[in-house]
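Engineer:
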Amino acid sequence: MAQFKELYDAILVGDAKKAHAATLAAIDAGTDPMTLIGEAMVPAMDEVGRLFEQEEYFVPELLLAGRAMKSAMQLLRPLMVTSGTKLSVKVVIGTVKGDLHDIGKNIVASMLEGSGFDVIDLGTDVSPEKFVSAVAEQEPQVVCMSALLTVTMPAMKTTINALESAGLRTRVKVLVGGAPVTVHYAREIGADGYSENANGAVGLVRTLLA
Amino acid sequence: MSEAKMSERTVRSYSELAIGSQEELLYGICPHPLNCGLGLTVGGGQVFPEVNFTLPPMNMTEETWAEATEHYEQMAEQILRRAAALAVPGIVLEFELLPPMTERPEWGAELTALLKRHLKAYHEKYGLAGALRVTPTDIRDQNKPPLMRTGGPWERLHRSLDLCAEAGADILSIESIGGKEVHDQALMYGDFEGIVFALGVLAPRDMAWLWAEIGEICQRHPGVVAGGDSACGFANTAMQLAHQKMLPEVLAAVVRAMSAVRSLAAFEQGAVGPSKDCAYEGPVIKAITGYPISMEGKSASCAHFSPLGNIAAAMCDLWSNESVQNVRLLSGNAPEVFTELLAYDCRLMNTAARAGGALQMRNWMTASDEWLSPQAAVLSPVATIRIATAIVGADTAYHRVIAAGRAAVEILKDGVERQKLRLARKEQQWLTRIDDALTDSPEDEAALIENMEAQYGSVYDKASYGL
């Protein structure tokens, strides 16, 4: 990792410009993208996650690191496509129908993106039909749903039912979260996972796909 | 305070405090008490419970509408029966519409009429003074970027406010969201300049426009008053993220102080209180305007946690539970349970006041929490006067936000220096960072608007803010 320390440090402190420059330099030096990802970027994001868990980092540090990671990934992605390297896991995320609250959902989306996932954010007030269309068209491996209101929580179940009716439920892992949602409720509606915070959601996605 | 007539409305401008001394900043009393509803005077010497209640988890559709109205019938009846049983001298019911009830304004109006019917019945039978606060959901953020002054969501929101006023609301309120589209993003990335832009440029513009509209609706419905707003979508978001260790407490505290500027804009446009319960910036508003405020603290733990349980009550005129679902507990349903909690909280405060002990009681409630967290530290009566003084000492919303932020930083630094407030190392670092950002802030808002264009130009709709 020592040779990629500049990139590692840039991601750790959330400096997107330095991360971009260090990645460019590594590409020019002929470094394999997967080596760069495996030896600098993923370890840096793991350390960022650890610092957050240890309450040394707040969300802004976490998201700035994610932004730096993303700026590096933007340079690597075309090279990976050319070489036929498999791209990252795709996640569809949205706040359920009838609910306009999105800050928690946005934090989860940003953290997933920063952790290397390909995130498709459907926004707020997302109908079950829209989730179904996104799964059919985008073929994600994971669907994340958020709700802040007790009266919109049932839309999570409705969405899962819609995925089942469309024959798409077995294709995706479904995660739910939001202030009134509980692990019990997640089980009751047939979700695959629940997290009470954004960092936990990233870990959960990784665990479910392992 | 100076006043200027714009059309039929009064636009106020605050350059001095209505309550200039922290010893006079007490609970239950204010320079401009509000007579409203069914014989209720808020801020005239007593604190009253403001009970807020909502549905349990359920779908909100035409098929479930009858079930929803049954819940509201039950909640209103049980809340008022508890209030009567405990000889509460007055009560405010707050009906916060859920998004579907604002989207379909007739639904919100139907429930408004239902609740008012219950209040009237208890007023007639038991002499219970009361008022109904109605708070439609601000649904204007459905487009990207949100359109605040035009389009279907605004038209439905306006109709909802209008129909609820017609159906029996006594106090109209809203938790408005102008500027939130930028603030959310800036908050998440710790971009202090973006936060200032949202709170000092965008939000006050939307507040001025929106509250002028609400003022006009109230004028068309005699007896309905424009209550006040809340920086819920701004400062409470920061508070909750800080509670979850996702944001620094010091940032949430400074955001709270700065958010008072946008909430003040409602009063500049004619609001007369009581401001919203979740507006923890309320004491600053009370000090500046002299109008009554609603607050929430320990008895709102049914809705959310906070480090402000007692101190939040120190200067309140209404004392609220924020929101509670209609679910069964051992003693009864939760809205009735929380009515009892609030009733006893208020009874103790009022008993102390009648015995001449309001200042002592206030000081105890303050001392209980003041140094528990940075967010409590900016909420003491002394801190309130410092922040309010800083705000009225500046002449534009932008400069007021900077002044409020500086005052909050100084309050926190003083607390640390006096070894009253303990901050973790990373919180200290953030406080220094915020202090530096305030020092480096642009001279005027024009420079700030230009600075923000690259990062946030596509996030907000300029026409929605008159820019």
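Which chain is which? The protein sequence lines are Y and A, in order.
Here the first sequence is numbered in our numbering, starting from 139 and rising by one per residue.
Here the second sequence is numbered in our numbering, starting from 21 and rising by one per residue.
Here a beta-carbon is modelled for each residue, glycine too, at the ideal position from N, C-alpha and C.
Because the structure is a prediction, the values reported are computed rather than measured.
#1: List the residues that DSSP assigns as beta-bridge partners of A/Asn353.
#2: Identify the continuous alpha helix (DSSP H) that holds A/Ser180 and give its terminal residues.
#3: Excluding the 5 residues preceding and the 5 following A/Ile454 in the sequence, name in chain order all residues of the same chain whose CB lies nearer than 8 Å to its CB.
#4: Chain A beta carbons: is any one of them nearer than 8 Å to that of Y/Ile241?
#5: Does chain Y have any CB closer than 8 Å to the CB of A/Met315?
#6: To be precise: take each residue of the stretch 63-90 of chain A, compare its Cβ to all Cβ atoms of chain Y, and keep it if any distance is under 9 Å. Which residues remain?
#7: Under a three-way DSSP split, which group does Y/Ile231 fall into?
#8: Could you tell me the distance, in whole angstroms, from the CA atom of A/Val202 to the CA atom of A/Val221?
#9: Along chain Y, in chain order, which residues have C-beta atoms closer than 9 Å to that of A/Met208?
#10: DSSP state of A/Ile197, grouped into three classes?
#11: Count the C-beta pairs between the stretch 297-315 of chain A and the stretch 277-284 of chain A that are closer than 8 Å, then say yes if the count reaches three, no if not.
#12: If the cut is a Cβ gap below 8 Å, which residues of chain A does Y/Met291 touch?
#13: Where in the stretch 90-158 of chain A do unbroken runs of the alpha helix (DSSP H), each at least 4 residues long, occur, reported from the N-terminal end onward?
#14: How is the alpha helix (DSSP H) around Y/Ala182 delimited, first residue to last?
#15: List the DSSP bridge partners of A/Phe68.
#16: How would you list, in chain order, the residues of chain Y whose beta-carbon sits under 7 Å from the beta-carbon of A/Lys446?
#17: So the alpha helix (DSSP H) A/Cys238 belongs to, where does it begin and stop?
#18: Does Y/Asn299 get closer than 8 Å to chain A when you measure Cβ to Cβ?
#19: If we count the other Cβ atoms within 10 Å of its Cβ and call it buried at 16 or more, is A/Arg137 buried or exposed?
#20: Y/Ala203 and Y/Met183 look like a contact to me (Cβ under 8 Å); what is the Cβ gap, rounded to whole Å?
#21: Using 8 Å as the limit for Cβ to Cβ distance, is Y/Lys156 near chain A?
#22: Measuring alpha carbon to alpha carbon, tell me which of Y/Gly315, Y/Val229 and Y/Leu213 ends up nearest Y/Ala159.
#23: Excluding the 5 residues preceding and the 5 following A/Met472 in the sequence, name in chain order all residues of the same chain whose CB lies nearer than 6 Å to its CB.
#24: From Y/Val234 to Y/Asp166, what distance separates their C-alpha atoms?
#25: Which one or two residues does DSSP pair with Y/Val281 in a beta bridge?
#26: List, in chain order, every chain Y residue whose beta-carbon is nearer than 8 Å to that of A/Gln264.
#27: Pull the bridge partners of Y/Ser209 from the DSSP assignment, please.
#28: With C-beta atoms as the reference, is A/Ala291 less than 8 Å away from A/Trp384?
#29: DSSP state of A/His52, grouped into three classes?
#30: Name, please, each residue of chain A whose Cβ falls closer than 8 Å to the Cβ of Y/Asp147.
#31: Taking the straight line between their C-alpha atoms, what separation do you get for A/Leu148 and A/Arg179?
#32: Expressed to the nearest angstrom, what Euclidean distance is found between the alpha-carbon atoms of A/Leu328 and A/Gly317?
#33: Using DSSP with H/G/I as helix, E/B as strand and the rest coil, what is A/Val292?
#34: Quick one: using the 10 Å Cβ neighbour count with 16 as the cut-off for buried, is A/Glu114 buried or exposed?
#35: Apart from the five residues just before and just after A/Gln41, which ones in its own chain have a Cβ nearer than 8 Å to its Cβ?
#36: Which residues, in order along the stretch 109-136 of chain A, keep a beta-carbon less than 9 Å from a beta-carbon of chain Y?
Structural biologist: If we stick to the structure as given:
#1: A/Arg348
#2: Gly172 to Ala187
#3: Phe212, Val270, Leu271, Val274, Gly425 and Val429
#4: yes
#5: no
#6: Thr74, Leu75, Pro76, Pro77, Met78, Asn79, Met80 and Ala88
#7: strand
#8: 11 Å
#9: Val197, Pro198, Leu201, Ile241, Asn244, Ile245 and Ser248
#10: coil
#11: yes
#12: Pro77
#13: 119-123 and 125-146
#14: Val180 to Glu191
#15: A/Leu338
#16: Glu194
#17: Ala223 to Arg240
#18: no
#19: exposed
#20: 7 Å
#21: no
#22: Y/Leu213
#23: Phe217
#24: 44 Å
#25: Y/Val230 and Y/Val312
#26: Asn335
#27: Answer is none; Y/Ser209 lacks a bridge partner.
#28: no
#29: strand
#30: In chain order: nothing, as chain A lies at least about 18 Å away.
#31: 30 Å
#32: 6 Å
#33: coil
#34: buried
#35: Sequence check: residue 41 of chain A is Ser here, not Gln. Excluding sequence neighbours, A/Ser41 sits near Ile405.
#36: Leu118, Pro119, Pro120 and Glu123
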